[in-house]
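Residue numbers are given in the working numbering: position 37 of the sequence shown equals residue 38, and the series is strictly consecutive. For reference, the structure is listed below as structure tokens.
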Amino acid sequence: MSSMIKMMGQIKEIQGKMEKIQESITAIEVDGVAGGGMVNVRLNGKNALIKLKIDDSLLCKDNSEILEDLIIAAHSDARKKIEGLVEEKTLEATAGLPIPSGFKFPF
2 MSSMIKMMGQ
12 IKEIQGKMEK
22 IQESITAIEV
32 DGVAGGGMVN
42 VRLNGKNALI
52 KLKIDDSLLC
62 KDNSEILEDL
72 IIAAHSDARK
82 KIEGLVEEKT
92 LEATAGLPIP
102 SGFKFPF
């Protein structure tokens, strides 16, 4: 029975740490870049686009396809950075807790 009580305590500890992680992730802002800096995006921790900067040289009709690809690439760059930060923060917060390897948190 004491192992069950211990496990319940660990679950509460994990929940508290997960709430802190979610709060810190929400505050994250990450920049993504493509085209050698010609396109820059900024995403928040929830992957919402909060800033987009495009070099003036790309703002012509002939560059529309290139521009579309660069925006997608910059967004992908930022998203990968956020995923890395989320994983890093999660590992820090859950160090020593009995969480299965490869477990994905819902954020």
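Just so it is clear, CB atoms sit at the ideal spot from N, CA and C, and this is done for glycine as well.
Taking Cβ to Cβ, would you say residue i is nearer than 8 Å to residue j?
{"i": "Gly38", "j": "Ile83", "result": "no"}
{"i": "Lys54", "j": "Asn41", "result": "yes"}
{"i": "Thr95", "j": "Lys18", "result": "yes"}
{"i": "Leu86", "j": "Ile15", "result": "no"}
Take residue i and list the residues in its own chain whose beta-carbon comes closer than 7 Å to its own, dropping the five residues that flank it on each side.
{"i": "Ser25", "result": "Lys90"}
Going by beta carbon distance, what residues of the same chain come within less than 6 Å of residue i, once the five residues before and after it are set aside?
{"i": "Ile51", "result": "Arg43, Asn45"}
{"i": "Thr27", "result": "Gly46"}
{"i": "Asp56", "result": "Met39"}
Residue i: buried (16+ other C-beta within 10 angstroms of its C-beta) or exposed?
{"i": "Ala79", "result": "buried"}
Ordered along the chain, which non-local residues of its own chain (more than five positions away) have a Cβ less than 8 Å from that of residue i?
{"i": "Leu59", "result": "Gly36, Met39, Val40, Ile67, Leu68, Leu71"}
{"i": "Glu20", "result": "none"}
Legend entry - At least three beta-carbon pairs within less than 8 Å, the segment 62-81 to the segment 25-41: yes
Legend entry - Any beta strand (DSSP E) of 3 or more consecutive residues that is wholly inside the segment 31-97: 40-45, 50-55
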